[in-house]
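Colleague: For reference, the structure I am asking about is given below.
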Amino acid sequence: MENKPHLRTVNVTRYITPLREGGSLPALAEADDDFKYVLKFKGAGHGVKALIAELIGGEVARVLKFKMPELVFANLDEAFGRTEADEEIQDLLQGSQGLNLALHYLSGAINYDPVVTVVDAKLASQIVWLDAFITNVDRTFRNTNMLVWHKELWLIDHGACLYFHHSWTNWEKHAQSPFALIKDHVLLPKASALKEVDSEFKAILSITVLQSIVNLIPQEWLVWEDSDDTPEMIREVYLQFLLMRLNHSEIFINEAQNARKTLI
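Here's what the structure looks like:
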């Protein structure tokens, strides 16, 4: 039986503090289930597309059995943020009414440091494969987007993946791109088992699994002012992009292997 993705929905009850590491002003917030979350706002810079990337990238990672903080839909009531003193944050909250996306906050987690934490070849290859597949530009030495929590490696922040959707033209060409930016991946030097991982992961990511992930995208995130496409058409492009990329995985595998040869 395939592991069908599912996301809970929580209501944000308290804005705690902005997390200013990124340009999109994510925040630490509390919800009505009494858990704390890293909240990503649809009213931020890249809007719903960053949330869609976070959702698809995160759930693909989860299906592939990576350690991932739970993703939830986070509902912001229209009255939320009216008492916020910071005008920039108040505007962000007011522009993010409705469904946003949040990651369970891993209290006490520390940023991954390649000098301190050793990652074996298999796990490194798995993470490199994932990021090449979803075209994730954000797992570099400068910004590893990995945490160590309870002595295990956790993946976070996939909002910069699937960057083809910011132009939304010629997606077929993007789907078959080698993804040259994989050369900057922090784990590429250790990724010596890419072929093995490719076979294993392609067996897991069936069309049914990918369809179920794409189906998680809320309808309200698929009404784009800069596109005449219907939500159904947009959803289908995401699915076909992932399927085409998967079916031509040798393109990005070869790119990663060639880039790795220049590093070792």
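Quick note on numbering: the sequence shown equals residues 1 to 264 in the UniProt record's numbering. Even for Gly, the Cβ is constructed at its ideal location relative to N, Cα and C. Computed from a predicted structure; not experimentally measured.
(1) Restricting to runs no shorter than 3 residues, where is the beta strand (DSSP E) found entirely within the stretch 138–221?
(2) Within its chain, find whatever has a CB closer than 7 Å to the CB of residue 192; leave out the 5 residues flanking it on each side and keep chain order.
(3) Nearest-angstrom Cα distance between residue 247 and residue 237?
(4) Is the beta carbon of residue 217 closer than 8 Å to that of residue 224?
(5) Quick check: what's the CA-CA separation for residue 1 versus residue 204?
(6) Any beta carbon from chain B within less than 8 Å of residue 131's own beta carbon?
(7) If distances are taken between C-alpha atoms only, which option among 231, 232 and 182 comes closest to residue 257?
(8) Which residue from 52, 100, 199 and 255 puts its Cα closest to that of residue 164?
(9) Between which two residues does the beta strand (DSSP E) containing residue 330 stretch?
(10) Please state the DSSP three-state secondary structure of residue 253.
(11) Could you check which residue in 104, 94 and 152 has the C-alpha nearest to that of residue 30?
(12) Specify whether the stretch 138–148 and the stretch 162–180 touch according to this definition: at least 3 beta carbon pairs, one from each stretch, less than 8 Å apart.
(13) Using CA coordinates, which residue listed in 152, 59, 79 and 42 is at the minimum distance from residue 101?
(14) Select from 148, 32, 160 and 86 the residue whose C-alpha is nearest the C-alpha of residue 48.
(15) Can you tell me where the alpha helix (DSSP H) with residue 69 in it begins and where it stops?
(16) How is residue 231 classed by DSSP in three states: helix, strand or coil?
(17) Whose C-alpha, out of 114, 25, 156 and 94, is nearest the C-alpha of residue 40?
(18) Measure the alpha-carbon distance for residue 16 versus residue 60 and round it to whole angstroms.
(19) Which residues does DSSP pair with residue 15 in a beta bridge?
Modeller: Taking the definition as stated:
(1) Within the stretch 138–221, the complete beta strand (DSSP E) runs of at least 3 residues are 146–149 and 152–155.
(2) Taking C-beta separations shorter than 7 Å and ignoring five residues to either side along the sequence, the partners of residue 192 in its chain run 121 and 125, following chain order.
(3) Straight-line measurement puts the Cα of residue 237 at about 15 Å from the Cα of residue 247.
(4) Cβ distance not < 8 Å, so residue 224 and residue 217 don't count as in contact.
(5) Annotation note: pLDDT 39 at residue 1 (below 50); position unreliable, coordinate value reported separately. Going from the Cα of residue 1 to the Cα of residue 204 covers about 11 Å.
(6) You won't find chain B in this structure, because it holds only one protein chain.
(7) Between residue 257 and the set 231, 232 and 182, the nearest pair of CA atoms involves 182.
(8) Looking at the Cα atoms, 52 is the closest of the given residues.
(9) Absent from the structure is residue 330, since the part of the chain shown begins at 1 and ends at 264.
(10) Reduced to three states, the DSSP call for residue 253 is helix.
(11) Per the Cα distances, 104.
(12) Flag = no, the stretch 138–148 and the stretch 162–180 do not touch.
(13) The residue from 152, 59, 79 and 42 with its alpha-carbon nearest to that of residue 101 is 42.
(14) Nearest C-alpha to residue 48: 160.
(15) Secondary structure note for residue 69: it is in no alpha helix (DSSP H), with a DSSP letter that is neither H nor E.
(16) In the three-state DSSP reduction, residue 231 falls in the helix class (H, G or I).
(17) Nearest of 114, 25, 156 and 94 to residue 40, Cα basis: 25.
(18) Each residue's Cα considered, the two are about 29 Å apart.
(19) Its beta-bridge partners are 29.
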